[in-house]
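I have placed the structure first, in the form of structure tokens, so that the comments after it can refer back to it.
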Amino acid sequence: MSFYRNLLEQNFADDDKIICINCGSPAWVERELGSISHTLSLTRAPSELSLDSDASGYQTCLKVARDRLEKYDAVLFMHSKGASYDWERSQSIRVALCRTIFDRHKLQAAFAAEGSQLVADRGHLPQTPRSWDEVAHAARLLGLPEHIFCFAATFSLFAVTAKCLRNVLVNSPSAFTDRNLGDIGFNRYFFEAAFPSLLAHKVDHIKFLGGTEYDTTLSRSVSVDAFPLHNSMMVLREFQRYREGPNTFIPKAFPYVFGPASIIAQIKVQFDV
Numbered sequence: 017m018s019f020y021r022n023l024l025e026q027n028f029a030d031d032d033k034i035i036c037i038n039c040g041s042p043a044w045v046e047r048e049l050g051s052i053s054h055t056l057s058l059t060r061a062p063s064e065l066s067l068d069s070d071a072s073g074y075q076t077c078l079k080v081a082r083d084r085l086e087k088y089d090a091v092l093f094m095h096s097k098g099a100s101y102d103w104e105r106s107q108s109i110r111v112a113l114c115r116t117i118f119d120r121h122k123l124q125a126a127f128a129a130e131g132s133q134l135v136a137d138r139g140h141l142p143q144t145p146r147s148w149d150e151v152a153h154a155a156r157l158l159g160l161p162e163h164i165f166c167f168a169a170t171f172s173l174f175a176v177t178a179k180c181l182r183n184v185l186v187n188s189p190s191a192f193t194d195r196n197l198g199d200i201g202f203n204r205y206f207f208e209a210a211f212p213s214l215l216a217h218k219v220d221h222i223k224f225l226g227g228t229e230y231d232t233t234l235s236r237s238v239s240v241d242a243f244p245l246h247n248s249m250m251v252l253r254e255f256q257r258y259r260e261g262p263n264t265f266i267p268k269a270f271p272y273v274f275g276p277a278s279i280i281a282q283i284k285v286q287f288d289v
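Its first residue numbered 17, the sequence shown is counted upward by one per residue in my numbering.
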């Protein structure tokens, strides 16, 4: 917990913060975060929203934020990854992210100098058509066109201009923040894949601060967990295809392979996608 507290107090010292704690977190977590400066709201997610993920916290924060967005330039979505990564002991991950998505100066530069409207550390493409169905369902709920681009902001860490976020939320029903996402057709990964995809519909540029570059040993149609730059490059390629013809864009499923980099690079499998 000290990592997250220091991150908010040092890297984003003068920025306003809306903090939500998952319903199952112990009381000391609330005490630990309670004195962070510029905190507009510190609350606990209702138990009825719980999906054993970041979803309920993000929902609760959006409910607080949606009527305040006009006074801000950008919004950073960040959360702990304790359950799946144990970041308190994963120094390499923490160091890497502090050089990208948790670096306020790099975020500001991406929005200001490069004209990006949606920024993440890394991304990857969907593995199954189910992801497209979920995005289309979310688009219907929010009054957006259903034919939209689909990708995942890996780790559910991303930043977006406040204007873009307002445009996505302007017609959102109360169910979007007040009901368990599982009860309205979504899963625990909603804020990793479906929600960033909705935001991508409203932007012209996506920026991955962790970098984008194909790995020459890999297929350009396969996302590989150990090669985030390769995966992010695939996202930008497909997003460019989408931007060139959104009404004719046909999404594809792309395999996502797990394993050590040294082993993955030796696999010579051809995927027909």
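We put the beta carbon where it would ideally sit given N, CA and C, even for glycine.
Range covered by the alpha helix (DSSP H) that runs through residue i
| i | result |
| --- | --- |
| A216 | 210 to 216 |
| C77 | 71 to 81 |
| T193 | 191 to 194 |
| F19 | 18 to 22 |
DSSP state of residue i mapped onto helix, strand, coil
| i | result |
| --- | --- |
| I222 | strand |
| H95 | coil |
| S100 | At S100 the pLDDT is 48, less than 50, meaning the model places this residue with poor confidence; the figure from the coordinates comes in the next sentence. In the structure shown, S100 sits in a helix (DSSP, three-state: H, G or I). |
| A90 | strand |
| A154 | helix |
| A169 | strand |
| A29 | coil |
| P262 | coil |
| F207 | coil |
| Q143 | coil |
| L65 | helix |
| R253 | helix |
| I164 | coil |
| I109 | helix |
| L245 | helix |
| T234 | At residue 234 the sequence reads Leu, which differs from the Thr that was named. Of the three classes helix, strand and coil, the one that applies to L234 here is coil, per DSSP. |
| I52 | coil |
| G201 | coil |
From the options, residue whose alpha carbon lies closest to that of residue i
| i | options | result |
| --- | --- | --- |
| A112 | F224, E254, H217 | F224 |
| F93 | Y272, P145, A169 | A169 |
| I35 | V240, A126, V91, L215 | V91 |
| N173 | A126, D137, P262 | For the sequence presented, residue 173 should be read as Leu rather than Asn. When each option's Cα is compared against that of L173, the closest is D137. |
| S227 | N263, H163, S248, P42 | Checking the sequence shown, residue 227 turns out to be Gly, not Ser. For the residues N263, H163, S248, P42, the minimum Cα distance to G227 belongs to S248. |
| V251 | T232, A269, L23 | A269 |
| S18 | D31, N38, G40, E46 | E46 |
| S147 | F167, V80, A128 | F167 |
| P161 | E229, D119, H217 | H217 |
| G275 | Y258, P244, R257 | P244 |
| G40 | S63, I200, G50 | S63 |
| R84 | S235, P145, K179, A175 | K179 |
| A29 | W44, I52, N38 | I52 |
| C114 | L56, S237, Q26, D220 | Q26 |
| A154 | A81, V184, A61, S235 | V184 |
Beta-ladder partner(s) of residue i, from DSSP
| i | result |
| --- | --- |
| L58 | I35 |
| S239 | Y272 |
| A43 | In the DSSP output, where bridge partners are listed per residue, A43 has none listed. |
Residue i, enclosing beta strand (DSSP E) - first and last residue
| i | result |
| --- | --- |
| A175 | 174 to 177 |
Minimum Cβ-Cβ distance from residue i to chain C less than 8 Å
| i | result |
| --- | --- |
| F167 | No chain C is present in this structure, which holds just one protein chain. |
Length at least 4, wholly inside the segment 115 to 140: the alpha helix (DSSP H) runs in chain order: 120 to 128
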